[in-house]
Amino acid sequence: MTGFTPAPPAAGCRNAPVLKERGQREVFCGLTGIIWLHRKMQDAFFLVVGSRTCAHLLQSAAGVMIFAEPRFGTAILEEKDLAGLADANAELDREVDRLLARRPDIKQLFLVGSCPSEVIKLDLHRAAERLTERHAPHVRVMNYSGSGIETTFTEGEDACLATMVPTLPATDERQLLMVGALPDVVEDQALSLLAEMGVAPVRCLPAHRAAEAPGVGAHTVVALTQPFLNETAAGLERRGARILPAPFPFGEEGTTAWLWAVAQEFGVSPETFAKVTDAPRARARKAIAAAAETLGGKSIFFFPDSQLEIPLARFLTRECGMTAVEVGAPFINKQIVGPDLDLLAEGPVIAEGQDVDLQLDRCRAARPDLTVCGLGLANPLESEGMTTKWAIELVFTPVHFYEQAGDLAGLFARPLRRRAILAGLEGAA
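Sequence positions in the sequence shown follow our numbering and run 2 to 430.
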């Protein structure tokens, strides 16, 4: 038993030429991250400073139950605010005072800009500093931008976590910091595997509550769970932490490689590693095999949307037998996704950024079996007879680590199965 090292292809994509495009983009808004962050951070509140359109987006996308009191809201800017005719700072202070008086459970308040400061006529960074002084020590007020002009939708989480990094306490403790918002059931599975291997202490960012916020320092080793945390990773490095290079924990192979990187860092023996991982690895392989019967031999095309594209392409080509035609990503940070690029066999176009019309032309010419894209492109492509998968679903659904590996593969198999059933019905008619 020698641990685990994934067998790389003859030539990976780390050094492959990258097609860089800068044109019209088709992306979801960075405010979307609030929908999963507010569920994760139990004593946080997200106050979006924006228009009624932003309020409608969150209300419709989040699907909050009528009996639940959500941990997000919108401070709506009226025309007089946008025209600079009202003292927006005074109005914001008044709304925050009302909110905190009504919700004493709030310990972290995020002011989230729906547009750049030049548009909303508010410097939210200065407003956050002012409100922190006003409400300390009970509440810490922070800010970040969720503007769709500036960000793709997963960058909302990155911006949120990045703004938290400077506020984390300093520590000299040697620790593993697991970074990225995961569904509780997935986080619990990951922590259980690490505990069984003897890796300790393990902290999480974001934490469930402000009082549980992890420290960070020179002896902090960071294991990223999401490939879109570019600014967060950079901020942690500035605090002295070290980012652990590893493929992302999607599928059996990716999860095993991620865990093995942690195990090597913390001196876990190959025997202990095998004892902990052999059974869940076998379950994951069996679950993936069921979906791979549908996915094997099929081609896939990724539009740049979630920043999960490169690790998912690695998973689908190596574990599900698919062929990647093009793998587009909004940004490619090789420090973070390099290990996945090493395992992605050379062949697909690797594209960074987007010129949506040119990319649509390439997609239509390739006619892939499955296209992964945003909501704005999915329906038009479906009307042209192409099969699509919504990229945003990959963030809302538990897909990390062993027990979710089959579900992850199933997300891609279902559209193909649906298309086959519809084709059969049309043929019978």
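The beta-carbon is built from N, C-alpha and C at its ideal position, and this holds for glycine as well.
Are the Cβ atoms of residue i and residue j separated by less than 8 angstroms?
{"i": "residue 59", "j": "residue 49", "result": "yes"}
{"i": "residue 353", "j": "residue 28", "result": "no"}
{"i": "residue 247", "j": "residue 275", "result": "no"}
{"i": "residue 10", "j": "residue 344", "result": "yes"}
{"i": "residue 254", "j": "residue 320", "result": "yes"}
{"i": "residue 207", "j": "residue 42", "result": "yes"}
{"i": "residue 403", "j": "residue 282", "result": "yes"}
{"i": "residue 197", "j": "residue 277", "result": "yes"}
{"i": "residue 349", "j": "residue 328", "result": "yes"}
{"i": "residue 388", "j": "residue 371", "result": "yes"}
{"i": "residue 220", "j": "residue 175", "result": "yes"}
{"i": "residue 125", "j": "residue 112", "result": "yes"}
{"i": "residue 97", "j": "residue 123", "result": "no"}
{"i": "residue 226", "j": "residue 181", "result": "yes"}
{"i": "residue 245", "j": "residue 232", "result": "no"}
{"i": "residue 135", "j": "residue 335", "result": "no"}
{"i": "residue 414", "j": "residue 295", "result": "yes"}
{"i": "residue 47", "j": "residue 5", "result": "no"}
{"i": "residue 351", "j": "residue 17", "result": "yes"}
{"i": "residue 263", "j": "residue 243", "result": "no"}
{"i": "residue 148", "j": "residue 24", "result": "no"}
{"i": "residue 166", "j": "residue 240", "result": "yes"}
{"i": "residue 108", "j": "residue 140", "result": "yes"}
{"i": "residue 359", "j": "residue 22", "result": "yes"}
{"i": "residue 178", "j": "residue 204", "result": "yes"}
{"i": "residue 93", "j": "residue 76", "result": "yes"}
{"i": "residue 157", "j": "residue 273", "result": "no"}
{"i": "residue 291", "j": "residue 44", "result": "no"}
Please report the residue range of the beta strand (DSSP E) in which residue i lies.
{"i": "residue 203", "result": "203-206"}
{"i": "residue 112", "result": "109-114"}
{"i": "residue 140", "result": "Unbroken run through residue 140: none, as it is neither H nor E."}
{"i": "residue 300", "result": "300-303"}
{"i": "residue 351", "result": "350-355"}
{"i": "residue 178", "result": "176-180"}
{"i": "residue 49", "result": "45-51"}
{"i": "residue 223", "result": "221-225"}
{"i": "residue 389", "result": "389-391"}
{"i": "residue 239", "result": "Run containing residue 239: none in the beta strand (DSSP E); it sits in the alpha helix (DSSP H), 231-239."}
{"i": "residue 432", "result": "Absent from the structure is residue 432, since the part of the chain shown begins at 2 and ends at 430."}
Hey, out of the options, whose CA is closest to residue i's CA?
{"i": "residue 35", "options": "163, 358 and 155", "result": "155"}
{"i": "residue 235", "options": "315, 38, 163 and 46", "result": "163"}
{"i": "residue 160", "options": "199, 294, 415 and 38", "result": "38"}
{"i": "residue 412", "options": "398, 12 and 230", "result": "398"}
{"i": "residue 395", "options": "318, 90 and 228", "result": "228"}
{"i": "residue 409", "options": "289, 12 and 257", "result": "289"}
{"i": "residue 280", "options": "257, 204 and 138", "result": "257"}
{"i": "residue 209", "options": "183, 202, 230 and 201", "result": "183"}
{"i": "residue 293", "options": "271, 252 and 331", "result": "252"}
{"i": "residue 423", "options": "91, 199, 383 and 114", "result": "383"}
{"i": "residue 309", "options": "249, 356 and 95", "result": "249"}
{"i": "residue 284", "options": "237, 200 and 407", "result": "407"}
{"i": "residue 26", "options": "381, 330 and 380", "result": "330"}
{"i": "residue 416", "options": "115, 356, 405 and 386", "result": "386"}
{"i": "residue 91", "options": "128, 55, 115 and 100", "result": "128"}
{"i": "residue 405", "options": "420, 361, 89 and 316", "result": "316"}
{"i": "residue 201", "options": "363, 269, 380 and 357", "result": "269"}
What are the boundary residues of the alpha helix (DSSP H) that includes residue i?
{"i": "residue 326", "result": "First-last for residue 326: 324-330, but that is the beta strand (DSSP E), not the alpha helix (DSSP H)."}
{"i": "residue 405", "result": "Neither: residue 405 is in no alpha helix (DSSP H) and is coded neither H nor E."}
{"i": "residue 374", "result": "First-last for residue 374: 371-374, but that is the beta strand (DSSP E), not the alpha helix (DSSP H)."}
{"i": "residue 268", "result": "Counting along the chain, residue 268 falls outside any alpha helix (DSSP H), and DSSP gives it neither H nor E."}
{"i": "residue 336", "result": "335-344"}
{"i": "residue 133", "result": "125-136"}
{"i": "residue 92", "result": "89-103"}
{"i": "residue 308", "result": "That residue, residue 308, is in no alpha helix (DSSP H); it is neither H nor E in DSSP."}
{"i": "residue 401", "result": "Where residue 401 is concerned, there is no enclosing alpha helix (DSSP H), given that its DSSP letter is neither H nor E."}
{"i": "residue 38", "result": "35-41"}
{"i": "residue 186", "result": "185-198"}
Does the CB of residue i have a neighbour CB from chain C at under 8 angstroms?
{"i": "residue 295", "result": "No chain C appears in this structure, which consists of one protein chain only."}
Touching by the beta-carbon criterion (3+ pairs, under 8 angstroms), the stretch 297-306 and the stretch 190-201: The stretch 297-306 and the stretch 190-201 do not touch, with fewer than 3 CB-CB distances between them shorter than 8 angstroms.
Inter-stretch contact (C-beta, 8 angstroms, three-pair minimum) for the stretch 160-175 and the stretch 205-223: The stretch 160-175, when compared against the stretch 205-223, does touch it at the 8 angstroms Cβ threshold.
The stretch 362-369 / the stretch 333-342 touching (three or more Cβ pairs under 8 angstroms): No: the two stretches stay apart, fewer than three of their Cβ pairs being nearer than 8 angstroms.
Any alpha helix (DSSP H) of 4 or more consecutive residues that is wholly inside the stretch 150-174: Runs of the alpha helix (DSSP H) spanning 4 or more residues and lying entirely within the stretch 150-174 occur at 156-165, in chain order.
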